[in-house]
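When we follow the numbering used here, the leftmost residue of the sequence shown carries the number 31, and every step to the right adds one.
For each residue, glycine too, the CB sits at the ideal point set by N, CA and C.
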Amino acid sequence: MKIISVVGYKKSGKTALVEKIVKALKKHGSAGTVKHLHEHRINMPGTDTWKHMQAGADVVIGVTPDELVKFSHDNHLTTALDELADAGMDFGVVEGFKESPLPKIALGDVTAPNIIMRLDKYENADIDEIIKIVLEQPEYHTLGSLIKGIRKSKDIGKAGAIGTFTGIVRAVSGTTRTEFLEFEEYAGVAKQKMDRICSELKQKEGIIDVLMHHRTGIIRQGEDIVYIVVAAAHREQLFPVLREAIERLKAEVPIWKKEHTLEGEWWVNDTIERN
């Protein structure tokens, strides 16, 4: 999923610009949106869904013939983006969350990190240029989004099994406690190497498709680092390829890991810990 954020002060035309972007993106694939509602309350006191949560439900889902609404606790922007990715969206358009590190189109003189385009007015937007920018953004994936993607493979009807690997940040290794890991990639090359590995593994007998994704930046203990998904005709063909995929990713893909622990921080040669 490729993501763009639109930020600006109140009544700057953020929603109108989001509408234009979504309509244009629909020519290229599926699109979902996230809207920062600040302190607005949707699950209003006195409603049945509100009563469910007051009773202690951790998640409440309201369903109508046209809508599905999910209410839960302790939500943030990443939660919302994961929901879009898990739903199989090709694009995510975020309105607001100006303090996030997401790439942004800024309306007016609003201050925010990672602004890649600034407009005086939303009416002046060159939508074709914006879409070009969106298409150049890096992919955002969850395990769910990769599974959705592999189920769209043209030969998925020949598959009898889908296997996955998820690498996570180990909190404790021996006597060392890891606070977080920091990953850096050789720009552009890491994705090319992973695509090549997937393409070569797909040539093996019985393998329908292979997808992989490695996150970069700061990843905290217990969080996901890497996903690999393999679809195969039979499980006997699947498991060796799943193992080979992670070993080749470790050996061939230029991604570097810096470990941050209570004892200090250092760069580690092996990109991905064995799990």
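Contact under 9 Å by Cβ, residue i with residue j
{"i": "H171", "j": "H106", "result": "no"}
{"i": "I51", "j": "I145", "result": "no"}
{"i": "L268", "j": "I192", "result": "yes"}
{"i": "I238", "j": "K188", "result": "yes"}
{"i": "G197", "j": "V256", "result": "yes"}
{"i": "A261", "j": "R181", "result": "yes"}
{"i": "L241", "j": "I161", "result": "no"}
{"i": "C228", "j": "A275", "result": "yes"}
{"i": "A142", "j": "E129", "result": "yes"}
{"i": "T194", "j": "I258", "result": "yes"}
{"i": "G252", "j": "A201", "result": "yes"}
{"i": "G43", "j": "E153", "result": "yes"}
{"i": "G179", "j": "G118", "result": "yes"}
Euclidean distance between Cα positions of residue i and residue j
{"i": "L67", "j": "F127", "result": "9 Å"}
{"i": "Y216", "j": "L279", "result": "14 Å"}
{"i": "T63", "j": "G122", "result": "5 Å"}
{"i": "D150", "j": "L137", "result": "6 Å"}
{"i": "G294", "j": "V140", "result": "38 Å"}
{"i": "K81", "j": "H103", "result": "14 Å"}
{"i": "G38", "j": "P168", "result": "23 Å"}
{"i": "P133", "j": "E266", "result": "43 Å"}
{"i": "I163", "j": "T206", "result": "42 Å"}
{"i": "D88", "j": "K223", "result": "41 Å"}
{"i": "F210", "j": "R245", "result": "13 Å"}
{"i": "A46", "j": "E69", "result": "21 Å"}
{"i": "V199", "j": "K184", "result": "34 Å"}
{"i": "R71", "j": "T79", "result": "13 Å"}
{"i": "L173", "j": "D254", "result": "9 Å"}
{"i": "L231", "j": "T108", "result": "31 Å"}
{"i": "I249", "j": "Q233", "result": "33 Å"}
{"i": "V36", "j": "E277", "result": "39 Å"}
{"i": "L292", "j": "S203", "result": "12 Å"}
{"i": "Q84", "j": "E159", "result": "47 Å"}
{"i": "L176", "j": "L114", "result": "12 Å"}
{"i": "I310", "j": "F101", "result": "Here the chain covers residues 31 to 305 and nothing more, so residue 310 does not appear."}
{"i": "P95", "j": "R226", "result": "44 Å"}
{"i": "I34", "j": "P131", "result": "11 Å"}
{"i": "R273", "j": "V90", "result": "38 Å"}
{"i": "E97", "j": "K57", "result": "24 Å"}
{"i": "V48", "j": "K65", "result": "10 Å"}
{"i": "G86", "j": "V99", "result": "18 Å"}
Cutoff 9 Å: residue i Cβ touching any chain C Cβ
{"i": "F210", "result": "In the displayed structure, chain C is absent; only one protein chain is listed."}
Whole-angstrom C-beta distance between residue j and residue i, which should lie under 8 Å
{"i": "S60", "j": "D116", "result": "So it is not a contact: roughly 13 Å between Cβ atoms."}
{"i": "L165", "j": "K32", "result": "7 Å"}
{"i": "G218", "j": "A263", "result": "Actually they are not in contact, since the Cβ atoms of G218 and A263 sit about 33 Å apart, beyond 8 Å."}
{"i": "A220", "j": "V298", "result": "Not confirmed; about 16 Å, so no contact."}
Mind listing, in chain order, the continuous beta strand (DSSP E) runs of no fewer than 3 residues lying wholly within the region 49-73?
61-65
Write down every uninterrupted run of the alpha helix (DSSP H) in the region 110-184 whose length is 4 residues or greater and which is fully enclosed by it, in chain order.
If one requires a minimum length of 4 residues, the alpha helix (DSSP H) runs lying completely within the region 110-184 are 157-165, 173-181, in chain order.
Across the region 281-290 and the region 213-228, are there enough close Cβ pairs to call them in contact, namely three or more that are closer than 8 Å?
yes
Please list the segments of the alpha helix (DSSP H) lying wholly inside the region 186-232, counting only runs of 4 or more residues, in order along the chain.
219-231
Give, in chain order, every unbroken run of the alpha helix (DSSP H) that is at least 4 residues long and sits entirely within the region 227-300.
265-282
Complete runs of the alpha helix (DSSP H) confined to the region 74-109 [at least 4 residues]
Look at the region 74-109 and you find these whole runs of alpha helix (DSSP H), each 4 residues long or longer: 78-84.
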